[in-house]
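Residue numbers for the sequence shown follow UniProt numbering, so the first one is 1 and each next one is one higher. The block underneath contains the structure these notes are about, expressed in structure tokens.
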Amino acid sequence: MYLPPEWPPEVRPPSVPDWELSATTWLLDALPPDYRQHEVLRRHPIALVSMASYHVNAAVEAARTGYRKAAVDLKGHLPPHAVEAVLDVYRHEGPRLVRLARSIEVVGQALRGELFTATLRGQGRRRGPAPS
């Protein structure tokens, strides 16, 4: 079974029985700890994907805004080397969050029963729902 490059290594492939449990655990790890107390998210991984997607995409936007404004917001409050260190954090965390958002997307596609196929360029494509 082909898995796209964005597939998280912590999530077992959909071809493995009970793979959804590893997906649920991984998705809960992408959210703040308080989300674990809501049983509905464990019972309905599609709802969990939706919440994780909104949460991480909001974090991506927050990181982008923070990066754009950090130098001005922190100037005069932190020494220049500390401001640069803060910008380095954004440079590291921003791309990580973007990768996480894409991984959540592909796990969500699989939870919805969509299959992935490799293309000639090595990029994954969705191929619709899995046959029942």
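Idealized CB from N, CA, C, for every residue including glycine.
Item                                                                                                                                    : Value
Beta bridge counterpart(s) of Leu78 as assigned by DSSP                                                                                 : Lys75
For Arg99, three-class secondary structure by DSSP                                                                                      : helix
Distance, Gly76 Cα to Val98 Cα                                                                                                          : 30 angstroms
Where Val16 sits in the DSSP three-state scheme                                                                                         : coil
Own chain partners of Glu93 with C-beta closer than 8 angstroms, once the 5 adjacent residues on each side are dropped                  : Ala63
For Pro8 and Val107, believed in contact at Cβ under 8 angstroms, the rounded distance                                                  : 7 angstroms
Candidates Asn57, Ala70, Arg43, His55: closest to Val89 by CA position                                                                  : Ala70
Contacts around Tyr2, its chain only, beta-carbon distance under 7 angstroms, and the 5 residues preceding and following it disregarded : Phe116, Thr117, Ala118, Gly124
Neighbour-count burial assignment, Pro4, 16 or more Cβ in a 10 Å radius                                                                 : buried
Beta-carbon proximity list for Ala59, same chain, < 6 angstroms, skipping 5 on both sides                                               : Leu97
Between the CA atoms of Leu31 and His55 - distance to the nearest angstrom                                                              : 7 angstroms
Start and end residues, alpha helix (DSSP H) containing Val11                                                                           : Here Val11 belongs to no alpha helix (DSSP H), and DSSP marks it neither H nor E.
Counted within 10 angstroms of its Cβ, other Cβ atoms place Leu100 as buried (16 or more) or exposed                                    : buried
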